[in-house]
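**Q** The following block contains the structure, expressed as structure tokens.
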Amino acid sequence: MIQIHQNVSLKNFNTFGIEAYARYFVEINHKEELAELFLDPQWHQANRLVLGGGSNMLFTQNFDGLVIRINIRGIEHRINHETVIVESGAGEIWDDLVNYCVDWGFAGVENLSLIPGSVGASPVQNIGAYGVELKDVFESCEAFEIATGEFKHFDKAACQFDYRESIFKQKLKGKLIIVSVKFKLSTQENINISYGAITDELQKRDIVNPTIKDVSIVVSAIRVSKLPDPSTIGNAGSFFKNPIVSKQQFDQIYQQFPEISHYIMHNGIKLAAGWLIEQCGWKGKVVGHTGTWKNQALVLVNHGNASGDEVYHLSEAIILSVKEKFEVTLEREVNII
Ligand code: EPU
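Going by our numbering, the residue at position 148 of the sequence shown is 146; the numbering climbs one at a time, nothing skipped.
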């Protein structure tokens, strides 16, 4: 039986650790409870916010609507020769799923170790790190369609994945709630260590033939060294997307800044936003209760008691200075509420 609570603090439900209140709040533990919730017509009209791990949002105000916290648990798998399908409830913590796979020896998600957030949010963002994106291991997902009350399946093509993008952020935004995700992994040690930082770290540790577990440990160590731990310093990972610019624009910037970090993409040249921000002098800067992280300028942090507005204003100032120096407009990766 679902229970709707009123005026609930969201401080422990967002990794920025920002205080904000939800007018209404409901926790969903089983997918059938979504059908029960939306039997009441008032929730069809209400402002709604679906919350997983709360690792990709910044509250700049209270939420005057219904927050739906997805806590659907359970992980299971089915092996078929060299492939394995792992199915997880949307409310599982992403890194718990990674550990499940690493412990079983299923290859594919080890490069995505220690990413904060929930399994249900992973396809929305097409999360990615260290040379792997969610779309590389995604098989399908099941989602509740609010308007019809039906559960629908989405295969990889239907999700229209791109860099930090999917149909769930675009055309279908607000229309669906993901309840479970299936991943296609390998029972063979198919590891991907193409990312420079991983190779360097493996070499440092004298690991010549890395296992899935080695890769997971090394990726976790790199993340810990670069990124602040949200349980002690509030943050939402990369605050901005890495911008993709045209070849022509890149050539202009490159003439002036030949050391610029960049990657060639199918639709242009991706620039490292952290590098752009650092060049503007923001790395490690403390501004009031907020600032950028000392080891990774792309991460905005809450040094304690920051308001969402403070963080937002800092992000505005950063966007402005990157625009002035490089003529590049940074886009936020984090959702602003
Ligand atoms: N760099 C700087 N200064 C900085 C930060 C980065 O010069 O302050 C340079 C680095 O030296 C490097 C380049 O920028 O040459 C890229 O840096 P890094 O490898 O740290 O990766 P990133 O592009 O900043 C992306 C993802 C991260 C992911 C890493 C590792 C985005 C928006 N971010 O960051 O994802 O962990 O790659 O693959 O694509 C997240 O999305 O929340 C996230 C943490």
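Note that beta-carbon positions come from the ideal geometry of N, C-alpha and C, so glycine has one too.
1. Mark residue 22 as exposed unless 16 or more other C-beta atoms lie within 10 angstroms of its C-beta, in which case mark it buried.
2. Which residues does DSSP list as the beta-bridge partners of residue 81?
3. Quick check on residue 155: buried or exposed, where buried means 16 or more other Cβ atoms within 10 Å of its Cβ?
4. Assign residue 320 to one of three DSSP states: helix, strand, or coil.
5. Residue 183 and residue 106 look like a contact to me (Cβ under 8 Å); what is the Cβ gap, rounded to whole Å?
6. Residue 145: buried (16+ other C-beta within 10 angstroms of its C-beta) or exposed?
7. So residue 277 is in the alpha helix (DSSP H); what residue range does that whole segment cover?
8. How about residue 119: is its Cβ closer than 8 Å to a heavy atom in the ligand EPU?
9. Compute the distance between the beta-carbons of residue 15 and residue 232, then report whether it is under 9 Å.
10. Should residue 245 be labelled buried (16 or more other beta-carbon atoms within 10 Å of its own) or exposed?
11. Would residue 187 be called buried (16 or more neighbouring beta carbons within 10 Å of its own) or exposed?
12. Quick check on this structure: which residue in 166, 294 and 115 has the alpha carbon closest to the alpha carbon of residue 282?
13. Residue 291 bridges to which residues according to DSSP?
14. If distances are taken between C-alpha atoms only, which option among 271, 71, 54 and 18 comes closest to residue 28?
15. Is there at least one non-hydrogen atom of the ligand EPU closer than 8 Å to the beta-carbon of residue 294?
16. Measure the beta-carbon distance from residue 88 to residue 178 and round it to whole angstroms, keeping in mind my assumption that it falls under 8 Å.
17. Considering residue 210, what are the terminal residues of the alpha helix (DSSP H) in which it resides?
18. Of all the alpha helix (DSSP H) runs that stay within the bounds of the region 87 to 164, which reach a length of 4 or more residues?
19. Compute the distance between the beta-carbons of residue 94 and residue 124, then report whether it is under 9 Å.
20. In angstroms with no decimal places, state the Cα-to-Cα distance between residue 229 and residue 55.
21. Under the DSSP definition of a beta bridge, which residues are partnered with residue 233?
22. Is it true that the CB of residue 318 sits closer than 9 Å to the CB of residue 238?
23. Cβ of residue 240 within 8 Å of any heavy atom in the ligand EPU?
24. I think residue 221 touches residue 112, with their Cβ atoms under 8 Å apart; what is that distance to the nearest whole Å?
25. Ordered along the chain, which non-local residues of its own chain (more than five positions away) have a Cβ less than 7 Å from that of residue 243?
26. Quick one: does the C-beta of residue 252 sit closer than 8 Å to a heavy atom of the ligand EPU?
27. Helix, strand or coil for residue 178? Go by DSSP, reduced to three states.
28. Please name the residue or residues paired with residue 4 in a DSSP beta bridge.
29. My assumption, with CB atoms under 8 Å, is that residue 377 sits in contact with residue 100. Please give the rounded CB distance.
30. With distances taken between CB atoms, is the gap from residue 287 to residue 301 smaller than 9 Å?
31. Using only alpha-carbon positions, find the residue among 199, 205, 204 and 234 that is nearest to residue 219.
32. Quick one, which of 17, 296, 47 and 322 has its alpha-carbon nearest residue 167's?
33. Below 7 Å CB to CB, which residues in the same chain sit around residue 147 once its five sequence neighbours on both sides are set aside?
34. If we ignore side chains and look at the alpha-carbon of each, how far apart do residue 324 and residue 236 end up?
**A** Checking against the coordinates, here is how it stands:
1. Locating residue 22 in the sequence shown gives position 24, counting from the first residue. Within a 10 Å sphere around the beta-carbon of residue 22 sit 16 or more other beta-carbons, which makes this residue buried.
2. Taking the first residue of the sequence shown as position 1, residue 81 is located at position 83. In DSSP, residue 81 forms a bridge with 78 and 184.
3. As a position in the sequence shown, residue 155 is number 157, starting the count at 1. Taking a 10 Å sphere around the C-beta of residue 155, we find fewer than 16 other C-beta atoms and assign the residue as exposed.
4. Taking the first residue of the sequence shown as position 1, residue 320 is located at position 322. If DSSP states are grouped into helix, strand and coil, residue 320 belongs with the helices.
5. Taking the first residue of the sequence shown as 1, we reach residue 183 at position 185. Taking the first residue of the sequence shown as 1, we reach residue 106 at position 108. That belief holds up - the Cβ atoms of residue 183 and residue 106 are roughly 4 Å apart, short of 8 Å.
6. Indexing the sequence shown from 1 puts residue 145 at position 147. Residue 145 should be labelled exposed.
7. Locating residue 277 in the sequence shown gives position 279, where the first residue counts as 1. Per DSSP, residue 277 is one residue of the alpha helix (DSSP H) stretching across 271 to 277.
8. In the sequence shown, residue 119 corresponds to position 121, counting from 1. No, the beta carbon of residue 119 sits no closer than 8 Å to any heavy atom of the ligand EPU.
9. Residue 15 sits at position 17 when you count from the first residue of the sequence shown. Residue 232 sits at position 234 when you count from the first residue of the sequence shown. Result yes, Cβ atoms of residue 15 and residue 232 sit closer than 9 Å.
10. Residue mapping note: residue 245 aligns to position 247 of the sequence shown, counting from 1. Counting of Cβ neighbours within 10 angstroms places residue 245 among the exposed residues, the total staying below 16.
11. In the sequence shown, the residue the question calls residue 187 occupies position 189. Label assigned to residue 187: exposed.
12. Translated into the one-based positions of the sequence shown, residue 282 becomes position 284. Selected option, being the one with the closest Cα: 294.
13. The residue given as residue 291 occupies position 293 in the sequence shown. In DSSP, residue 291 forms a bridge with 294.
14. Translated into positions along the sequence shown, residue 28 becomes position 30. Selected option, being the one with the closest Cα: 71.
15. Within the sequence shown, the letter at position 296 stands for residue 294. Residue 294 Cβ: within cutoff of the ligand EPU.
16. Here residue 88 refers to the residue found at position 90 when the sequence shown is read from its first residue. Here residue 178 refers to the residue found at position 180 when the sequence shown is read from its first residue. 6 Å between Cβ atoms; contact.
17. Residue 210 sits at position 212 when you count from the first residue of the sequence shown. Taken as a continuous stretch (DSSP letters only), the alpha helix (DSSP H) holding residue 210 covers 210 to 224.
18. Runs found: 92 to 102, 120 to 123 and 154 to 157.
19. Indexing the sequence shown from 1 puts residue 94 at position 96. Indexing the sequence shown from 1 puts residue 124 at position 126. No.
20. Here residue 229 corresponds to residue number 231 of the sequence shown, with the count starting at 1. Here residue 55 corresponds to residue number 57 of the sequence shown, with the count starting at 1. So the two alpha carbons sit approximately 15 Å from each other.
21. The sequence position of residue 233 within the sequence shown is 235, counting from 1. Paired residue(s): 299.
22. Reading the sequence shown from its first residue, position 240 is the one you call residue 238. Reading the sequence shown from its first residue, position 320 is the one you call residue 318. Contact flag unset, no.
23. On the sequence shown, position 242 is the one that residue 240 refers to. Yes, since a heavy atom of the ligand EPU falls inside the 8 Å radius drawn around the Cβ of residue 240.
24. Start at 1 with the first residue of the sequence shown, and residue 221 comes out as number 223. Start at 1 with the first residue of the sequence shown, and residue 112 comes out as number 114. About 5 Å separates the two Cβ atoms, so the contact holds.
25. On the sequence shown, residue 243 is found 245 positions in, with the first residue counted as 1. Excluding sequence neighbours, residue 243 sits near 266, 267, 269 and 326.
26. Along the sequence shown, read from residue 1 onward, the residue named residue 252 stands at position 254. It does not: the Cβ of residue 252 is nowhere closer than 8 Å to a heavy atom of the ligand EPU.
27. As a first step, residue 178 must be located in the sequence shown, where it is residue number 180. Of the three classes helix, strand and coil, the one that applies to residue 178 here is strand, per DSSP.
28. If you number the sequence shown from 1, residue 4 lands on position 6. According to DSSP, which records beta bridges pairwise, residue 4 is partnered with 22.
29. The first residue shown for the chain is -1 and the last is 335, placing residue 377 beyond what the model contains.
30. Counting from one through the sequence shown, the residue named residue 287 turns up at place 289. Counting from one through the sequence shown, the residue named residue 301 turns up at place 303. Yes, these two residues count as a Cβ contact at 9 Å.
31. Counted from its first residue, the sequence shown places residue 219 at position 221. Among 199, 205, 204 and 234, the Cα nearest to that of residue 219 belongs to 199.
32. As a first step, residue 167 must be located in the sequence shown, where it is residue number 169. Answer by Cα proximity: 47.
33. Position 149 of the sequence shown, counted from the first residue, corresponds to residue 147. Excluding positions up to five away in sequence, the list reads 33 and 36.
34. Locating residue 324 in the sequence shown gives position 326, counting from the first residue. Locating residue 236 in the sequence shown gives position 238, counting from the first residue. Pairing residue 324 with residue 236, the inter-Cα distance amounts to about 19 Å.
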